[in-house]
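**Q** First residue of the sequence shown: 142, per the numbering used here; consecutive thereafter.
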Amino acid sequence: MSENSENTLERRRKVLTGTVYSNKMARTIVVEVTQRVMHPKYGKYVKRRRRFKAHDELQTARTGDTVTIASCRPLSRDKTWRLVKVVERAPEF
Numbered sequence: 142m143s144e145n146s147e148n149t150l151e152r153r154r155k156v157l158t159g160t161v162y163s164n165k166m167a168r169t170i171v172v173e174v175t176q177r178v179m180h181p182k183y184g185k186y187v188k189r190r191r192r193f194k195a196h197d198e199l200q201t202a203r204t205g206d207t208v209t210i211a212s213c214r215p216l217s218r219d220k221t222w223r224l225v226k227v228v229e230r231a232p233e234f
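What follows is the structure, given as structure tokens:
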């Protein structure tokens with residue numbers, strides 16, 4: 142493959158940023174992504190949130206961390222995302 146086609150393949154992947162909601166599964170984290178969308182009728186901004194299961198091979202993410210995830214091939218029934226990087230660590234208590 143040429144360098145140009147590899148770049149276009151990488152650009153097509155969806156990338157989201159969210160907060161780690163849970164890390165209690167083996168090599169899997171649950172990431173909560175929050176978006177602000179305008180209500181079509183009332184014009185008020187409303188928070189919408191979705192939770193995605195993402196693959197964390199090295200188990201580096203902890204609950205409360207801000208992370209970046211990218212789409213990938215299906216890894217299981219629910220997992221189609223992988224952890225790209227930990228953007229910000231949550232404070233430890």
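Just so it is clear, CB atoms sit at the ideal spot from N, CA and C, and this is done for glycine as well.
Are the CB atoms of V156 and V225 within a distance shorter than 9 Å?
**A** yes
**Q** CA-CA distance, K200 and T175?
**A** The sequence given here has Gln at residue 200, not Lys. About 23 Å.
**Q** Would you tell me roughly how many angstroms separate the C-alpha atoms of K194 and R218, rounded to the nearest one?
**A** For K194 and R218, the distance between alpha carbons rounds to 10 Å.
**Q** Given that a residue counts as buried once 16 or more other Cβ atoms are within 10 Å of its Cβ, and exposed if not, what is V187?
**A** exposed
**Q** If you check the beta carbons only, do A231 and T204 fall under 9 Å apart?
**A** With a cutoff of 9 Å on beta-carbon distance, A231 and T204 are scored as near each other.
**Q** How is the beta strand (DSSP E) around F234 delimited, first residue to last?
**A** Segment: none, F234 is in no beta strand (DSSP E) and carries neither H nor E.
**Q** With DSSP collapsed to three states, give me the class of S217.
**A** In the three-state scheme derived from DSSP, where H, G and I count as helix and E and B as strand, S217 is classed as coil.
**Q** Here's the rule: buried if 16 or more other CB atoms are within 10 angstroms of the residue's CB, otherwise exposed. What is G184?
**A** By the neighbour-count rule (16 or more Cβ atoms within 10 Å), G184 is not buried but exposed.
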